[in-house]
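Residue numbers (the UniProt record's numbering): 1 to 588. Where a beta carbon is used, it is the ideal one built from N, C-alpha and C, also for glycine.
Put into C-alpha cells, the structure is as follows:
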C-alpha cells in the first residue's frame, strides 16, 4: 500500500509538519490582524475626534466649525458633539448600517459618562441600545463641563476588513499546502527512488541475479549506499562462484571416489552422500526393511556408531555384511572447535579383497587337493610295479592303466589351468561362424540323453522358430553348453526335468534351468571362480573321477570373449538357472 511505503510515509510526514506549522501561523496571523484592525480603527476614530476638537477650538462660529468637521468625517463613521444634554450635533453618514446613538445612553452609560464627569478619554466596544449594531466608540471631553465629542463606527467594517485578510491568509495557506504537497512528493520520490532501485536489486540478488547493478543517481549518502550495494553484489557473486566451484569440486571428488562417504550431523541426518554410499544404503534397506530405501533415515548400525562416536569422541571402525558383500565402515567425529557437530563415515567395499584372499587360499588348497590324490596314486601304483607286488601281467596292466588314467587327469587339470590363464590374459582365439542353432542344440542335448535316461530326467528343448543361425565359435560355445548341461543333470534328482531354452531379443539368450538342489546364497557370488566346490552336494563323482572345479570359470571367460555376459539365479530346493547372452552380429 502507498501509505506503508517510504514515499507515502515521508510525504505524509512533511505534509503533516507543514500543515501544523501553517495552522499555528494562520491562527496567530488571524489574531494579529484582528487586533491590528481594531487598533487601527480606534486610532483613526481618536484622530478624528481630536481633529474635530481642534476645529471647534479654532473656529468660534459653531456652524462653520461643524460644517468643516462634517467634511473630514469618514463616511463609515458618525460624530456626535454633545454641548449639553439638550444641545448636540450628530453628523450625517452615507452608510445605513451606522445608526444614530441616543443621547440618553451617552449620558447614562457609566463608562461613557466619564467623558462628561471626569474629563477622561473613553474607548469602548458596545451595542447601540434598541439596535443590533455592534460599534466601536471613542469619546474625548471638551473644555466645558458636561460636553464632549464622540466618534463611533460599526464593527462590521472592521469585521469586513478582517474577513478579507482572513481570506487572503487562508488562500496563502492553501497555496502553501499545495506547493508543499507537490514539493514533498517530489522530494520523497527523489529520495526513495534509489531506495526502490536497491530494493529491486536486493530481490534480484535473492533470486541469484548477481549481475544486478543499482544506478548511482546522487553523490550523497544514498549514492554512497548504492555504491556499497553494487560492491556487495560483486563480492557476493565472487564468493558464491567460489563456493559453487568448491562445491562442484567436492562433489566431483566424492562422485569419483570408490569408497562411500556420508556426512552426518548430531541428529543422524545425512547431509552429504556419494553414489557408493547411496548404493550401500539401498542394499541395507532392501535386506533389512524389505522395501524402498529412505535416504532421510540412517541405517541402524550406523546410528549406533554415530552415538558412540559422539559420546567417546574417537574414531570407530566396524565391518558389515550386506547382501552378501563385505563393507568396512570407518566413522570419524567432526568438530566445531571443541564441539562434536557430527561425523563422517567412510564405507569401503572389501568384498573383492575378501574374495581374492579366499580365492588365494582356496586355489592353494584346491590345487594341492586335486594334485595330491593322483600323485599319491601314481607313487603308490608305481612302487607296486617296482616292488613286483603285481606278479601277473594282467595285474601289471591294471596298475599301469590306473597310472595312465591318473596321469591323464593331472594333464587335464594342468591344461585347464593353462587354458583359464590364457583366457584371463586375453589370449583366447575365437573361430566364429554362422551355426544352425536348431541342429547345434539338438546335437549337444543328444550327447546327454544316456546320462539323463539313467536318472529318468527329461530334457525339454525350446528354440525360437525365427532364430535360424547364430554367429559364434562352434567348439567354445559347445564347451560352455556341455559344462552347464552336465552340471544341471548331475545335480538334479531322479525323475526331475531340465529345460534348455534359446530365444532372440536384443541378443541371443541361452538358458539352462534345472530342478536340482540349488546353490546357497552365500556361495552365489563365487560360482564362476576357479575350483568352486563350495558344497559337497555339488561335487561331481562318477566312476571314481571328480571335477576340477574350473568348468564355470572357463565358461565365463568364453562367453565374455564373445562380448556376452553370463549370470546365475538359484534358490535352494527349487533349482538353478544359468543364463548367458551372445550378440548375434558380425561387428561384435
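Rounded C-alpha distance that separates residue i from residue j
| i | j | result |
| --- | --- | --- |
| residue 590 | residue 305 | Nothing in the structure corresponds to residue 590, since the chain is present only between 1 and 588. |
| residue 70 | residue 56 | 12 Å |
| residue 182 | residue 156 | 38 Å |
| residue 377 | residue 516 | 33 Å |
| residue 371 | residue 277 | 44 Å |
| residue 465 | residue 253 | 51 Å |
| residue 312 | residue 265 | 16 Å |
| residue 174 | residue 17 | 14 Å |
| residue 188 | residue 216 | 17 Å |
| residue 431 | residue 555 | 16 Å |
| residue 552 | residue 383 | 36 Å |
| residue 244 | residue 194 | 31 Å |
| residue 508 | residue 490 | 26 Å |
| residue 209 | residue 250 | 24 Å |
| residue 591 | residue 196 | No answer is possible for residue 591: it lies beyond the span of the chain, which begins at 1 and ends at 588. |
| residue 594 | residue 575 | This structure does not reach residue 594, given that the chain is present from 1 up to 588, and the question cannot be answered. |
| residue 185 | residue 8 | 8 Å |
| residue 227 | residue 14 | 28 Å |
| residue 255 | residue 231 | 36 Å |
| residue 54 | residue 126 | 26 Å |
| residue 22 | residue 73 | 39 Å |
| residue 387 | residue 485 | 44 Å |
| residue 428 | residue 418 | 11 Å |
| residue 520 | residue 477 | 27 Å |
Selected residue, minimal CA-CA separation from residue i, among the options
| i | options | result |
| --- | --- | --- |
| residue 212 | 469, 237, 152 and 579 | 237 |
| residue 303 | 275, 140 and 268 | 268 |
| residue 280 | 246, 314 and 326 | 326 |
| residue 137 | 216, 154 and 461 | 154 |
| residue 234 | 201, 250, 266 and 169 | 201 |
| residue 496 | 482, 476 and 454 | 454 |
| residue 88 | 66, 77 and 74 | 66 |
| residue 316 | 322, 324, 323 and 329 | 329 |
| residue 345 | 554, 353, 10 and 301 | 301 |
| residue 474 | 337, 559 and 374 | 559 |
| residue 68 | 76, 86, 77 and 91 | 91 |
| residue 260 | 15, 331 and 53 | 331 |
| residue 506 | 573, 479 and 582 | 582 |
| residue 75 | 355, 152, 258 and 63 | 152 |
| residue 343 | 23, 190, 485 and 314 | 314 |
| residue 413 | 521, 367, 336 and 318 | 367 |
| residue 339 | 25, 203, 310 and 165 | 310 |
| residue 158 | 135, 169 and 172 | 135 |
| residue 176 | 25, 78 and 104 | 25 |
| residue 405 | 392, 43, 239 and 381 | 381 |
| residue 10 | 411, 395 and 192 | 192 |
Residues near residue i in its chain [Cβ-Cβ closer than 6 Å; skip 5 each side]
| i | result |
| --- | --- |
| residue 488 | 498, 512 and 514 |
| residue 510 | 502 and 580 |
| residue 568 | 527 and 578 |
| residue 272 | 263 |
| residue 341 | 334 |
| residue 571 | 518 |
| residue 351 | 325 and 326 |
| residue 115 | 122, 139, 141 and 148 |
| residue 451 | 489 |
Proximal residues to residue i (C-beta, below 8 Å), its chain only, five neighbours per side dropped
| i | result |
| --- | --- |
| residue 50 | 140 |
| residue 541 | Because residue 541 sits at a pLDDT of 43, beneath the cut-off of 50, its placement in the model cannot be relied upon, and the point is left open. |
| residue 483 | 551, 552, 554 and 555 |
| residue 283 | 322, 323 and 325 |
| residue 423 | 554, 557, 558 and 561 |
| residue 494 | 455, 456 and 457 |
| residue 479 | 554, 555 and 558 |
| residue 257 | 274 and 276 |
Cβ of residue i within 7 Å of any chain C Cβ
| i | result |
| --- | --- |
| residue 568 | Protein chain content of the structure displayed is limited to a single chain, and chain C is not contained in it. |
Same chain, Cβ closer than 7 Å to residue i, neighbours up to 5 away in sequence not counted
| i | result |
| --- | --- |
| residue 99 | 128, 131 and 133 |
| residue 113 | 107 |
Do three or more CB pairs link the segment 462-478 to the segment 430-439 at distances below 8 Å? yes
Where in the segment 397-484 do unbroken runs of the alpha helix (DSSP H), each at least 4 residues long, occur, reported from the N-terminal end onward? Runs found: 437-447 and 449-454.
If you pair each beta-carbon of the segment 440-449 with each one of the segment 400-416, do three or more pairs fall below 8 Å? no
Does the count of Cβ pairs from the segment 25-35 and the segment 118-132 closer than 8 Å reach three? no
Should the segment 139-148 be regarded as contacting the segment 68-88, the criterion being three or more beta carbon pairs within less than 8 Å? Output reads yes: the segment 68-88 touches the segment 139-148.
In chain order, what are the residue ranges of uninterrupted alpha helix (DSSP H) at least 4 long that sit wholly in the segment 129-154? With a minimum length of 4 residues, no continuous alpha helix (DSSP H) run stays inside the segment 129-154.
Those runs of the beta strand (DSSP E) which lie wholly inside the segment 309-384 and span at least 3 residues: Within the segment 309-384, the complete beta strand (DSSP E) segments at least 3 residues long are 316-322, 325-336 and 339-349, listed from N- to C-terminus.
Kindly provide the ranges of any beta strand (DSSP E) runs that are 3 or more residues long and lie completely inside the segment 232-313, ordered along the chain. The segment 232-313 contains these whole beta strand (DSSP E) runs: 260-265 and 270-273.
Please give me, in chain order, every unbroken run of the beta strand (DSSP E) with length at least 3 that falls completely inside the segment 54-98. 77-82 and 88-90
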